[in-house]
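Student: Got a structure for you, questions after.
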Amino acid sequence: MNERFEIPAKLRTTSIVLMLIGIATLLIGVKTLLFTDGSNHEMIHADKTRFWIVLLHNSVFFTLITLASVFVQAAASLAQGGWIVAYKRVPEAIGANVWVFGLITAVILFTIAFYFNIDGHNPIYHWVHPDGDKTLEGKSAFLNKPMFVGFTVGAIALWSFFGRKFRALSLAQENAATNSTKIYWNTVKWSAGFLIVYALTQMSTIPWMWIMSIDAHWYSTMFSWYTFASAFVSGMSLILLWVVYLKNKGKLELVTSEHVHDLGKFMFAFSIFWTYVWFDQYMLIWYSNIPEETVYFKMRQQGPYSIIWYATFIINFLMPILILMSRPSKRNYFTVTFIAMMIIFGHWLDFFIMTMPGPLGIHWHLNWYELGIFAGFIGLLIYTVANTLTKTSLVVNNHPLLKEALLHQS
Amino acid sequence: MAIKKFAVACYDDEEVLFPAVKKVRHSGYKLHDVYTPFPVHGLDAALGLKETDLHIAGFIYGITGTSTALGFMSWIFTSDWPLVFGGKPYLSLPAFIPITFELTVLFAAVGMVLTFCYLNQIMPGVKKHVFHPRQTDDLFVVAIELNEHVSETEVIDFLKSTGAVETNVQVAESEWWYGRFDKKEPYELA
């Protein structure tokens with residue numbers, strides 16, 4: 062079967078408009094935030110910091126949710142999950158574009174770590190200048206510039222490589238001899254390799270480096286796992302949005318409500334998993350009540366961020382669990398689409414609350430700049446993924462598990 | 004206690020069983036149940052069984068567990084026997100959450116197992132009639148409920164025509180009852 066996707070004019074326009082909004086916001090941000098002039102010294106600091114931290118927040122968020130697609134492919138290959146084959150081109154197309162977001166992230170992170178400097182200290186990454194700070198000096202074996210560069214470059218390079226590798230393997234399967242399982246088992250081997258890479262980067266070191274080191278004096282061993290849960294559930298929602306979109310365009314004939322049901326189950330289950338990890342981290346700190354740990358939640362739960370704190374709890378836990386619990390709602394395209402969009406927005410807010418309180422404190426905004434940059438990244442995501450989807454047939458022909466995917470019953 | 008008469012057909016292949024089940028459903032005879040040695044995929048759809056309501060029961064049990072745990076702990080720690088733990092307030096919700104979660108799971112799990120047993124009429128010490136000893140071994144057994152309006156021989160002939168390797172008529176207790184397996188069954192075999 063050869064089922065091609067052509068980008069509808071409306072989608073192309075939407076994505077370009079969103080990207081233009083993003084670029085315009087960035088340019089206005091450069092003028093009004095980065096090169097701001099005024100008499101209030103504190104406000105100038107806050108504006109400059111806001112300019113960079115919002116870029117960091119969005120680029121890291123989008124890198125990690127696109128990366129979740131690579132993880133889904135690897136996990137499904139290793140578990141020999143057949144059902145994913147029905148729409149495998151979607152995670153492949155998202156995963157093949159990890160490098161775009163990874164590159165943007167690397168540029169932003171290195172600019173922040175090396176260039177951003179106000180009066181001799183770095184407002185976002187305090188560990189850049191640890192001198193005289195006992196805690197930061199103690200952590201300097203891990204939190205230093207060479208390690209930061211090494212981990213960031215290594216992780217992004219490996220992620221981009223694997224994202225493209227899985228797609229290349231899948232495309233090679235198309236042209237392989239019929240009933241040949243050589244590439245299939247090859248994919249299983251590469252998947253095992255990727256899971257190790259993923260465990261050592263996204264599930265452990267990278268969130269420490271990129272996000273947790275914003276609050277450099279604070280630490281939590283749950284943090285990376287919690288970031289992973291957040292990224293994974295948003296990544297599944299992203300895949301579901303593309304599947305539903307292609308389905309509405311009359312593509313992906315092989316996908317039935319059984320597959321949508323299973324994606325809905327993933328969103329449901331991992332929303333609960335996210336809450337589980339989120340609460341684990343919170344409760345242990347709440348219980349032991351050590352000031353150096355509770356200071357992290359003081360700002361977030363009781364301080365100026367409490368509205369977002371409770372909003373993430375409602376959007377990321379109560380809404381998915383209550384709305385997606387019943388079987389018919391997981392098979393209804395409207396409810397799953399609505400919840401998927403809410404989950405992505407809710408976890409964007411979750412990343413917001415991970416990044417903003419450290420450098421900005423009470424001077425936070427959720428305003429034109431934050432939402433404009435968010436829109437720009439959404440546009441870039443739609444544009445790149447749609448482009449990759451047009452490159453080849455949407456049906457993974459010749460895949461050993463294709464028949465199993467067709468017969469899938471959830 | 005409802006002692007009924009059944010026409011029983013045994014099949015030795017699931018590829019024969021599926022068309023046979025289809026024919027029985029089309030024939031209008033009352034299909035009592037089908038017994039298979041292993042779970043046969045798609046048989047529930049072929050039998051036309053409706054989606055189970057077990058999960059709704061599970062939700063109700065879970066909610067019961069949640070409210071039991073939260074209500075009980077709140078009552079104890081605020082009015083019955085208030086104690087201070089680690090300088091926390093009496094009503095410290097985060098500390099209650101793990102127990103609430105566990106009790107939700109416990110109520111839902113135990114309740115659903117018991118409901119499952121009730122719906123399938125199985126329980127330790129409870130007896131059910133076995134139509135053929137090989138139904139847990141290598142035979143697929145279809146039981147059709149007979150009444151005074153249908154002719155036994157007609158049904159048996161019909162079952163033979165669907166490819167049954169063995170057919171007979173049994174009078175049996177159709178529901179579950181308590182008793183020991185070595186005791187005589189409370190009916191006489193026809």
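Protein sequences appear in the order of chains A and B.
Just add 61 to the spot in the first sequence (first one is 1) and you have our numbering.
Just add 3 to the spot in the second sequence (first one is 1) and you have our numbering.
Built from N, CA and C at the ideal position, the CB exists for glycine as well.
(1) Check this for me: beta carbons of A/ASP108 and A/THR124, under 7 Å apart or not?
(2) Is it buried or exposed for A/MET80, if we count other Cβ within 10 angstroms and need 16 for buried?
(3) Would B/PRO97 count as contacting chain A if we go by Cβ distances under 7 Å?
(4) Under 9 Å Cβ-Cβ, which residues of chain B neighbour A/MET380?
(5) Can you tell me where the alpha helix (DSSP H) holding A/ILE382 begins and where it ends?
(6) Name the one or two DSSP bridge partners that B/GLU148 has.
(7) Would you say B/LEU106 and B/ALA60 are within 7 Å of each other, going by their C-beta atoms?
(8) Within 10 angstroms of the Cβ of A/LEU49, are there 16 or more other Cβ atoms? Answer buried if so, exposed if not.
(9) What does A/MET344 touch in chain B if you count any residue whose Cβ is under 9 Å from its own?
(10) So, does the segment 246 to 260 of chain A touch the segment 186 to 206 of chain A, judging by three or more C-beta pairs under 8 Å?
(11) Compare the C-beta of A/TRP370 with all C-beta atoms of chain B and state if any pair is closer than 7 Å.
(12) For the beta strand (DSSP E) that B/ALA175 lies in, which residues bound it at each end?
(13) Determine whether the beta carbon atoms of A/ILE165 and A/ALA216 lie at a separation below 7 Å.
(14) Under the rule that 16 or more other beta-carbon atoms within 10 Å means buried, what is B/ALA12, buried or exposed?
(15) How about A/SER298 and A/SER285: are their beta carbons less than 7 Å apart?
(16) Between the C-alpha atoms of A/GLU465 and B/LYS163, what's the straight-line distance to the nearest angstrom?
(17) Is there at least one Cβ from chain B nearer than 7 Å to A/TRP335's Cβ?
(18) Given that a residue counts as buried once 16 or more other Cβ atoms are within 10 Å of its Cβ, and exposed if not, what is A/TYR371?
(19) Going by DSSP, what residue range makes up the alpha helix (DSSP H) through A/TYR245?
(20) Is DSSP giving B/PHE143 helix, strand or coil here?
(21) Could you tell me which chain B residues have their CB closer than 8 Å to the CB of A/ASN205, listed as they occur along the chain?
(22) Please classify A/TYR186: is it buried, with 16 or more other beta-carbons within 10 angstroms of its beta-carbon, or exposed?
(23) Return the chain-ordered list of same chain residues with a C-beta closer than 6 Å to the C-beta of A/ALA154, the five sequence neighbours on each side being excluded.
(24) I'd like to know whether the C-beta of A/TRP144 is nearer than 7 Å to at least one C-beta of chain B.
(25) Which whole runs of the alpha helix (DSSP H) in the segment 47 to 118 of chain B are 4 residues long or more, in chain order?
(26) Give the DSSP bridge partners of B/TYR38, in chain order.
(27) Relative to the C-alpha of A/TYR280, which candidate in A/HIS320, A/VAL457, A/LYS200, A/LEU117 has its C-alpha closest?
(28) Look at the Cβ atom of A/GLY254, then the Cβ atom of A/SER130, and state whether they are nearer than 7 Å.
(29) Between the alpha carbons of A/ALA233 and A/THR398, how many angstroms are there, rounded?
Tutor: In terms of the structure at hand:
(1) Residue numbering aside, residue 108 of chain A sits at position 47 when the first sequence is read from its first letter. Residue numbering aside, residue 124 of chain A sits at position 63 when the first sequence is read from its first letter. Contact flag unset, no.
(2) Mapped onto the first sequence, residue 80 of chain A falls at position 19. Looking at its Cβ environment, which holds 16 or more other Cβ atoms inside 10 Å, A/MET80 is buried.
(3) Taking the second sequence and counting its residues from 1, the one referred to as residue 97 of chain B is at position 94. Among the residues facing chain A, B/PRO97 is included, as its CB has a counterpart in that chain under 7 Å away.
(4) Along the first sequence, read from residue 1 onward, the residue named residue 380 of chain A stands at position 319. Within chain B, not a single residue places a beta-carbon under 9 Å from that of A/MET380; the smallest gap is close to 17 Å.
(5) Here residue 382 of chain A is taken as the residue at index 321 of the first sequence, counted from 1. Element bounds for A/ILE382: 380 to 384.
(6) Walking along the second sequence from the start, residue 148 of chain B turns up at place 145. B/PHE9, B/LYS33.
(7) Position 103 of the second sequence holds residue 106 of chain B. Position 57 of the second sequence holds residue 60 of chain B. For B/LEU106 and B/ALA60, no; Cβs fall outside 7 Å.
(8) Examination of residue 49 of chain A is not possible in this model, given that chain A is present from 62 through 471 alone.
(9) The residue given as residue 344 of chain A occupies position 283 in the first sequence. Those are PRO97, ALA98, ILE100, PRO101, listed as they occur along chain B.
(10) At 8 Å Cβ cutoff, the stretches do not touch.
(11) On the first sequence, position 309 is the one that residue 370 of chain A refers to. No, because no Cβ of chain B sits closer than 7 Å to the Cβ of A/TRP370.
(12) Within the second sequence, residue 175 of chain B is the residue found at index 172, counting from 1. Its beta strand (DSSP E) spans residues 169 to 176.
(13) Within the first sequence, the letter at position 104 stands for residue 165 of chain A. Within the first sequence, the letter at position 155 stands for residue 216 of chain A. Note that the C-beta distance between A/ILE165 and A/ALA216 is not below 7 Å.
(14) Counted from its first residue, the second sequence places residue 12 of chain B at position 9. Counting Cβ neighbours within 10 Å, B/ALA12 comes out buried, since at least 16 surround it.
(15) As a first step, residue 298 of chain A is located in the first sequence; it is residue number 237 there, counting from the start. As a first step, residue 285 of chain A is located in the first sequence; it is residue number 224 there, counting from the start. Taking 7 Å as the Cβ cut-off, A/SER298 and A/SER285 do not qualify as a contacting pair.
(16) What you label residue 465 of chain A is simply residue 404 of the first sequence in a count that begins at 1. What you label residue 163 of chain B is simply residue 160 of the second sequence in a count that begins at 1. If you take the alpha carbons of A/GLU465 and B/LYS163, they lie about 35 Å apart.
(17) Here residue 335 of chain A is taken as the residue at index 274 of the first sequence, counted from 1. Contact with chain B is absent for A/TRP335, since none of that chain's Cβ atoms lies less than 7 Å from the residue's Cβ.
(18) Looking up residue 371 of chain A in the first sequence gives position 310. By the Cβ neighbour-count rule, A/TYR371 is exposed, with fewer than 16 other Cβ atoms within 10 Å of its own.
(19) Within the first sequence, the letter at position 184 stands for residue 245 of chain A. Counting along the chain, the alpha helix (DSSP H) containing A/TYR245 begins and ends at 243 to 261.
(20) As a position in the second sequence, residue 143 of chain B is number 140, starting the count at 1. Strand.
(21) For the purposes of this step, residue 205 of chain A is identified with residue 144 of the first sequence, where counting begins at 1. Close partners of A/ASN205 in chain B (Cβ separation under 8 Å) are lacking, with about 36 Å as the shortest Cβ gap.
(22) By one-based count along the first sequence, residue 186 of chain A stands at place 125. Buried.
(23) Walking along the first sequence from the start, residue 154 of chain A turns up at place 93. Excluding positions up to five away in sequence, the list reads VAL446, THR449, LEU450.
(24) Counting from one through the first sequence, the residue named residue 144 of chain A turns up at place 83. Chain B contact via Cβ: absent.
(25) Every alpha helix (DSSP H) stretch that sits fully inside the segment 47 to 118 of chain B and reaches 4 residues is listed by chain position as 57 to 78.
(26) Mapped onto the second sequence, residue 38 of chain B falls at position 35. In the DSSP output, where bridge partners are listed per residue, B/TYR38 has B/VAL144.
(27) The residue you call residue 280 of chain A lines up with position 219 of the first sequence. Of A/HIS320, A/VAL457, A/LYS200, A/LEU117, the residue nearest in Cα terms is A/LYS200.
(28) As a working mapping, residue 254 of chain A is identified with position 193 in the first sequence. As a working mapping, residue 130 of chain A is identified with position 69 in the first sequence. One thing to note: A/GLY254 has its Cβ no nearer than 7 Å to the Cβ of A/SER130.
(29) In the first sequence, residue 233 of chain A corresponds to position 172, counting from 1. In the first sequence, residue 398 of chain A corresponds to position 337, counting from 1. A/ALA233 and A/THR398: Cα-Cα distance of roughly 32 Å.
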